[in-house]
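Student: So the sequence shown is numbered by the working numbering: it starts at 89 and just counts up by one.
C-beta: ideal position from N, C-alpha, C; glycine also.
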Amino acid sequence: DSELLTYAEDVGRHNAVDKIIGAAALKNTELSMCFIASSGRLTGDIVVKAARMRVPILASMTAAISS
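1) Distance, Cα to Cα, Tyr95 vs Ile134?
2) Considering only their Cβ atoms, is the gap separating Val136 from Leu119 smaller than 7 Å?
3) In three-state DSSP terms, what is Ile108?
4) With C-beta atoms as the reference, is Ser154 less than 7 Å away from Leu130?
5) If we count the other Cβ atoms within 10 Å of its Cβ and call it buried at 16 or more, is Ile124 buried or exposed?
6) According to DSSP, simplified to helix, strand and coil, what is Ile134?
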């Protein structure tokens, strides 16, 4: 099944990802079969955060950055 599980917007990259992960946790959603799409850059911290939550795929419209 493909459906939008949650959606978040925020000026800060980390805040938007935190909102998504938090919403998934509140719904007891297993993230290993999900992905996160972002219009902003993905930092190393965001990649690590998603990996800890077992999100297998991150997609961005921009290049990844190391900071």
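Tutor: According to the data block:
1) 16 Å
2) no
3) helix
4) no
5) buried
6) helix
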